[in-house]
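Here is the structure we will look at.
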Amino acid sequence: MKGRREGVDSLRMLIREAAKSRLLSREEEVELAKRIEQGDQKAREELIRANLRLVISVALKYRNLGVPLADLIQEGNIGLIKAVEKYDYRKGYKFSTYAIWWIRQAILRALDNQSKLIRIPSYIMAKASKMEDATAKLTQKLGREPTLEELAGELRMPLPEVREILSLVGDPISLELPAYDGDREVTLGELIPDGSPTPEEEILGRISREERIEELLSVLTPKEREVIRLRFGLDGKEGRTLREIGEIFNLTRERIRQIETEALRKLRERWNPPKKVGKLDRIGDKRYNPL
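Listed below in C-alpha cells is the structure:
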C-alpha cells in the first residue's frame, strides 16, 4: 500500500510540473533551438519544460502494460531530453513532431525491459495495446472511461479474457486521479491537452497516427519524405499530382515519379510484411491523386 501511495505521489508531482508548461509557437521553438545551439542551458530547460505535457500524452498510451505510469513518464522525459539535444530546426519540422519519436522509443525500451524481466508473453502485450487503443476511443466517444463490459464489447472479446489481461499487465491508472494545478485541485485528464485546434494540441489529439507516420517515414531522405507527404495528403491537404509536386521542387514529373517509386520501395523493405505498409498507405487514400 505504501509503494502504491508513493507511486501516486510521484505521478502527481510529474503532472504538477507538466501543468506549469506553456505551449510554444514555431517561432519560439526556433529561437530556443538557436540559443541551445550556442550552449544556452536556460533555453534547453525551457524547451524541455514546454513539452512535458507531450511526454505525458505519449506515456498514457502505454499505461497498464506492466510499468507504472510515473516510470513511463520519467523514461519519456529521457527521450525528450535526447530530442532536444538532436533537434535541427533548419529542417523545417516542428519540435513536437520530432520529439514524439524519441519519447516513444524511450518508453518502448522501458516496456521491453520490463516484459523481459517478468516474462509477459508478446501476444498478451499485443492484446493489451489493443485494449489501450479501444479505451482511448471509447473515452473520447463516451466522455468517460469505459467499463470493462463496454471495453469487451468494443473489442469483441470475452469479459473474462479482458479481466485476465488486465490482471497480467497491471492495475489501470484512472484519468480521474486527483492532481493539482497551482492551488486548484484537478484530475489527470484535465491536465492532458484536450484536442483544441492549436498545432501542438492537434498533434497530441492524433498522436497514434502521427507516431506511425513518423516512424514509417524515418527511413526516407528529406526530399522523399516530402514527396510522399504531398502525394498521399499526409500534410492534411489533398494529395498532389506528380506535376504539382514537380513545380514545388522545380523538377520534372518523371523525376518526381522516380523519387516516389524509390521511396515506396524503401517503405516496403522497412515494413515487412507488406500489410503493415498497407495500413499506413491507406491513411491518405481519399486524398491520393494518381496523376
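Going by numbering that gives the first Met the number 0, the residue at position 232 of the sequence shown is 231; the numbering climbs one at a time, nothing skipped. Ideal Cβ placement from N, Cα and C applies to all residues, glycine included.
Counted within 10 angstroms of its Cβ, other Cβ atoms place residue i as buried (16 or more) or exposed
i, result
"proline 272", "No answer about proline 272 holds up, because its pLDDT of 45 lies below 50 and its placement is not dependable."
"alanine 125", "exposed"
"threonine 134", "buried"
"asparagine 61", "Before going further, note that residue 61 is tyrosine rather than asparagine in the sequence given. Under this definition tyrosine 61 is a buried residue."
"leucine 79", "buried"
"glycine 75", "buried"
"arginine 162", "exposed"
"serine 195", "Only weak support exists for where serine 195 lies, its pLDDT of 38 falling under 50; the value from the coordinates is given anyway. By the 10 Å Cβ count, serine 195 comes out exposed."
"leucine 141", "exposed"
"glycine 245", "buried"
"isoleucine 72", "buried"
"glutamate 28", "buried"
"asparagine 50", "buried"
"leucine 229", "buried"
"serine 24", "exposed"
"isoleucine 99", "buried"
"leucine 266", "buried"
"leucine 158", "exposed"
"leucine 147", "exposed"
"isoleucine 247", "exposed"
"arginine 264", "exposed"
Assigned secondary structure, residue i (DSSP; H/G/I helix, E/B strand, else coil)
i, result
"valine 54", "helix"
"aspartate 39", "coil"
"glycine 245", "helix"
"lysine 93", "coil"
"leucine 263", "helix"
"valine 218", "coil"
"alanine 128", "The sequence shown places serine at residue 128, not alanine. In this structure, serine 128 counts as helix in the three-state DSSP scheme."
"tyrosine 61", "coil"
"glutamate 144", "coil"
"proline 159", "helix"
"threonine 251", "coil"
"leucine 23", "coil"
"threonine 240", "coil"
"leucine 174", "Confidence is the limiting factor: at leucine 174 the pLDDT is only 47, short of 50, which leaves the residue's position unreliable and the question unanswerable from this model."
Residue interval of the alpha helix (DSSP H) (run including residue i)
i, result
"asparagine 76", "68-85"
"lysine 222", "221-231"
"leucine 154", "147-154"
Spatial neighbours of residue i in its chain, beta-carbon cut-off 6 angstroms, leaving aside the 5 residues before and after
i, result
"leucine 216", "Arg224"
"arginine 256", "Leu241"
"glutamate 189", "Only weak support exists for where glutamate 189 lies, its pLDDT of 49 falling under 50; the coordinates are left without a value."
"tyrosine 88", "Val29 and Ala32"
"threonine 260", "none"
"glutamate 243", "none"
Contacts around residue i, its chain only, beta-carbon distance under 8 angstroms, and the 5 residues preceding and following it disregarded
i, result
"glutamate 45", "Leu31"
"lysine 81", "Trp101 and Ala105"
"threonine 251", "Gly245"
Neighbourhood of residue i by C-beta distance below 7 angstroms, restricted to the same chain and skipping five residues each side
i, result
"isoleucine 258", "Lys222, Glu223 and Val226"
"tyrosine 86", "Ala32, Phe94 and Tyr97"
"alanine 42", "Leu31, Arg34 and Ile35"
"glutamate 199", "Any answer about glutamate 199 is weak, because its pLDDT of 37 lies below 50 and its placement is not dependable; what the coordinates show is given next. The residues are Leu22 and Ser95."
"alanine 262", "Leu219, Glu223, Val226 and Ile227"
"alanine 151", "Pro157, Leu158 and Val161"
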